[in-house]
Amino acid sequence: MSAGATSADDGQQAKKRQKRAPLWTPFVGGDAEKNDYNVETDAIVAFRHLASADGALKAQIDLICANKALDSPEAAVMATNFVRKVVVASPFITLVRSIVCSRVNKTVAANTLTNLANACGYDGTGDLQTSISPQAIAAIDEDKLATEIIKGFACFQKAKFLRSLAQTAIDNPTLVSLERLNVLEDRLVLEDHALNQVNGVGPGTLLNMLMCSGCARPDVLPYTDSLLRKFVLGDDFAKQYDIKKAEGERAVCAKLDEETAAWKPWRSIGAMLAFDEKNALHD
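Note that full-length UniProt numbering has the sequence shown beginning at 1, numbered continuously upward.
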């Protein structure tokens with residue numbers, strides 16, 4: 001391929017990334033006084049608050065905690081285990097999980113992550129996610145990554161996104177590091193130019209999930225996530241709002257903000273519980 005053709009392709013990709021920007025991006029940050037939280041001590045605190053704030057969340061919390069009283073040691077352990085599972089404290093792994101698990105059910109997602117870990121050299125001991133590194137992903141042929149590891153829905157696109165993310169992390173190791181992200185306010189993470197240029201990441205849900213799961217921010221609401229929207233607004237929310245238009249998107253986000261106000265300052269965990277209700281993450 002000629003240098004001119006490569007330059008033209010790069011220009012087209014840049015235009016596509018610009019077009020991916022949402023019609024309206026609300027400020028996702030909350031009123032929490034801290035940028036992160038301690039999973040071991042704060043999980044049950046968040047569960048108690050959310051259970052008292054929202055009946056639907058209480059039902060999900062009761063399910064996760066096997067109907068144990070939320071002031072019991074058993075419930076505290078179950079709450080901690082749930083939050084520990086969804087908060088991985090690794091921005092890179094969070095983005096990998098978000099890409100490969102997008103729009104597939106929990107079984108497919110788990111199998112895909114296992115396949116990826118095995119391809120990255122997982123030896124069967126410890127947390128399989130620790131074997132997933134930028135270097136290991138970059139070493140996998142893109143076609144193999146798509147057809148043998150990811151498979152199924154959007155496998156070629158996901159493989160391309162994964163390889164792009166891996167190469168970016170190799171070229172710029174600090175880009176998705178906790179050390180770098182932890183000093184940025186919520187809005188600045190969303191608006192970070194370098195992150196928004198990573199193919200497959202961009203603005204919206206993935207960066208919100210990065211803050212919720214990879215950075216353990218306590219009060220981030222992934223406004224653009226369809227599972228959260230269905231949990232809060234109902235499965236037919238798309239019929240109520242024309243989200244293809246800016247005014248419809250604004251209305252959805254404003255309604256989400258209103259309906260989840262009582263979740264503060266634990267909207268991140270509230271969102272994780274909403275995802276759990278729709279996809280049974282705790283199984």
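Note that the Cβ used here is the ideal one computed from N, Cα and C, for glycine as well. Quick caveat, the model's predicted, so the values are computed rather than measured.
Can you list, in chain order, the residues of its chain whose CB lies under 8 Å from that of ILE44, leaving out five sequence neighbours each side? Taking the sequence shown and counting its residues from 1, one reaches residue 44 at position 44. Around ILE44: LEU70, ALA75, ALA76, ALA79, THR80.
Could you tell me the alpha carbon to alpha carbon distance between ARG250 and LYS239, rounded to whole angstroms? Locating residue 250 in the sequence shown gives position 250, where the first residue counts as 1. Locating residue 239 in the sequence shown gives position 239, where the first residue counts as 1. Using only the alpha carbons, I get a separation of about 15 Å.
Relative to the alpha-carbon of GLU40, which residue among ALA216, GLY234, ALA261 has its alpha-carbon at the smallest distance? As a first step, residue 40 must be located in the sequence shown, where it is residue number 40. Nearest C-alpha to GLU40 among ALA216, GLY234, ALA261: ALA216.
Determine the direct distance from the alpha carbon of ALA66 to that of THR25, and round the result to whole angstroms. Here residue 25 is taken as the residue at index 25 of the sequence shown, counted from 1. Here residue 66 is taken as the residue at index 66 of the sequence shown, counted from 1. Because THR25 sits at a pLDDT of 36, beneath the cut-off of 50, its placement in the model cannot be relied upon, and the following sentence gives the value as read from the coordinates. The straight-line gap from Cα to Cα measures roughly 37 Å.
Would you mind reading off the limits of the alpha helix (DSSP H) that contains VAL39? Reading the sequence shown from its first residue, position 39 is the one you call residue 39. In the DSSP annotation of this structure, the continuous segment of the alpha helix (DSSP H) that includes VAL39 starts and ends at 39-53.
Could you give the distance in angstroms between the alpha-carbon of LEU63 and the alpha-carbon of ASP219? Here residue 63 is taken as the residue at index 63 of the sequence shown, counted from 1. Here residue 219 is taken as the residue at index 219 of the sequence shown, counted from 1. It is roughly 23 Å from the alpha-carbon of LEU63 to the alpha-carbon of ASP219.
Between the Cα of ALA246 and the Cα atoms of THR224, GLY270, ASN199, THR168, which residue gives the shortest distance? Numbered from its first residue, the sequence shown carries residue 246 at position 246. When only C-alpha atoms are compared, the closest one is THR224.
Under the three-state DSSP convention, the category GLN135 falls into: Translated into positions along the sequence shown, residue 135 becomes position 135. GLN135 falls in the helix class under three-state DSSP.
Check whether the segment 144-158 and the segment 95-107 touch, using three or more Cβ-Cβ pairs below 8 Å as the test. Enough Cβ pairs lie closer than 8 Å, so yes.
Every unbroken alpha helix (DSSP H) within the UniProt domain "HhH-GPD" (96-232), with a cutoff of 4 residues, ordered by chain: Those alpha helix (DSSP H) runs which fall completely within the UniProt domain "HhH-GPD" (96-232) and span 4+ residues are 106-119, 134-138, 155-171, 178-181, 186-190, 193-196, 205-209.
Neighbour-count burial assignment, LEU188, 16 or more Cβ in a 10 Å radius: Here residue 188 is taken as the residue at index 188 of the sequence shown, counted from 1. LEU188 is exposed by the Cβ-count criterion.
Taking the alpha helix (DSSP H) that PRO73 belongs to, which residues open and close that run? Residue mapping note: residue 73 aligns to position 73 of the sequence shown, counting from 1. Under the DSSP assignment, PRO73 falls in the alpha helix (DSSP H) whose first and last residues are 73-86.
Beta-carbon separation (whole angstroms), VAL96 vs ILE132, contact threshold 8 Å: Working through the sequence shown from its first residue, we reach residue 96 at position 96. Working through the sequence shown from its first residue, we reach residue 132 at position 132. Contact holds; Cβ gap of about 6 Å.
ILE243 and VAL232 closer than 8 Å at C-beta: Here residue 243 corresponds to residue number 243 of the sequence shown, with the count starting at 1. Here residue 232 corresponds to residue number 232 of the sequence shown, with the count starting at 1. In this structure, VAL232 does not lie closer than 8 Å to ILE243 by Cβ.
8 Å contact criterion, which ILE93 and CYS120 should meet: CB distance rounded: Residue mapping note: residue 93 aligns to position 93 of the sequence shown, counting from 1. Residue mapping note: residue 120 aligns to position 120 of the sequence shown, counting from 1. Contact doesn't hold; Cβ gap of about 11 Å is too wide.
By Cβ distance below 6 Å, which residues in the same chain neighbour ASP31 in space, the five residues on each side in sequence not counted? In the sequence shown, residue 31 corresponds to position 31, counting from 1. Since pLDDT at ASP31 reaches only 41, below the 50 mark, its modelled position is unreliable, and the value read off the structure follows with that caveat. Excluding residues up to 5 positions away in sequence, LYS264, PRO265 lie with their Cβ nearer than 6 Å to the Cβ of ASP31 in the same chain.
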